[in-house]
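Student:
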Amino acid sequence: MAETIATPTDEAANAPSSAVLAWLRLMRVYHKIDKRSADLMREHKLSVSRFDVLNHAGYREGRTQQELADALMVTKGNICQVLDGMEADKLLYRRRSGRTNHIYLTDEGRELRAQLVPIQEEAIDQAFSALTGDEQETLLGLLRKLDRSLLTSTK
24 MAETIATPTD EAANAPSSAV LAWLRLMRVY HKIDKRSADL MREHKLSVSR FDVLNHAGYR
84 EGRTQQELAD ALMVTKGNIC QVLDGMEADK LLYRRRSGRT NHIYLTDEGR ELRAQLVPIQ
144 EEAIDQAFSA LTGDEQETLL GLLRKLDRSL LTSTK
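The opening position of the sequence shown corresponds to residue 24 in my numbering, with each subsequent residue numbered one higher.
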């Protein structure tokens, strides 16, 4: 039986599109930064999801549980579990208003957020330091454009 040898033309025809390659690279970068964040938060006895809740809840206290879930792009069930644990650890509390829970940080939660947000922001700045300021602005603009297109696109 004759052996089939792939030619450069065949490889090019089977190569992923630039969009797919960009998505794969974006995911790789995201996972690397997420792992660094997880390691950093573990040093402070928090998971990334708990830090995200702490940060978002503290950014605008009093938002509803559903608004918090939407901001974090998780389900109401997922956020419920995280909030239960954080409430048990006295980092936040829920105040009921009708059928809605509003989320507030405790003093301990506010102190922890005030301590960790600058550390996390410095870690992100460090991760992006391979890019110049202009390159970071360009990347931000491109990601914003892509993000907005995904709100209206059905493809």
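Even glycine gets a Cβ: it sits at the ideal position worked out from N, Cα and C. On a predicted model such as this, the values are computed, not experimentally measured, just so you know.
Pick from K168, K55, L128 and S70: whose alpha carbon is nearest that of Q149?
Tutor: For the purposes of this step, residue 149 is taken as the residue at position 126 of the sequence shown. Of the listed residues, the one whose Cα sits closest to Q149 is K55.
Student: To test your reading of the DSSP string, which unbroken alpha helix (DSSP H) runs of 4 or more residues are found completely within the stretch 96 to 164?
Tutor: Here the runs fully enclosed are 99 to 111 and 130 to 150.
Student: Determine the burial state of R136: buried for a count of at least 16 other Cβ atoms within 10 Å of its Cβ, exposed for fewer.
Tutor: Start at 1 with the first residue of the sequence shown, and residue 136 comes out as number 113. Classification of R136: buried, given that the 10 Å Cβ count is 16 or more.
Student: Just to confirm my understanding: we take N124, look at its own chain, exclude 5 residues before and 5 after, and list those with CB closer than 6 angstroms. What are they?
Tutor: The residue labelled residue 124 in the question sits at position 101 within the sequence shown. Cβ within range, chain order: Q88 and R117.
Student: If distances are taken between C-alpha atoms only, which option among L139, D157 and L173 comes closest to L69?
Tutor: As a working note, residue 69 is residue 46 in the sequence shown. Checking every option, the nearest Cα to that of L69 belongs to L139.
Student: Tell me which residue opens and which closes the alpha helix (DSSP H) that G85 is part of.
Tutor: The residue you call residue 85 lines up with position 62 of the sequence shown. No alpha helix (DSSP H) holds G85; DSSP gives it neither H nor E.
Student: Compute the beta-carbon to beta-carbon distance between A80 and I147, rounded to the nearest angstrom, for a pair I have assumed lies under 8 angstroms.
Tutor: Numbered from 1 along the sequence shown, position 57 holds the residue referred to as residue 80. Numbered from 1 along the sequence shown, position 124 holds the residue referred to as residue 147. Going by Cβ atoms, the distance from A80 to I147 rounds to 19 angstroms, so no, they are not a contact pair.
Student: Given a cut-off of 9 angstroms on the beta-carbon distance, is the pair Q143 and N78 in contact?
Tutor: Here the question's residue 143 lines up with position 120 in the sequence shown. Here the question's residue 78 lines up with position 55 in the sequence shown. Closer than 9 angstroms, so yes.
Student: If I measure Cβ to Cβ from R73 and keep anything under 7 angstroms in the same chain, skipping five residues before and after, which residues do I get?
Tutor: Looking up residue 73 in the sequence shown gives position 50. Cβ neighbours of R73 beyond the five flanking positions: V105 and M109.
Student: Straight-line CA distance for G85 to L163?
Tutor: Within the sequence shown, numbered from 1, the residue matching residue 85 stands at position 62. Within the sequence shown, numbered from 1, the residue matching residue 163 stands at position 140. Approximately 29 angstroms between the Cα atoms of the pair.
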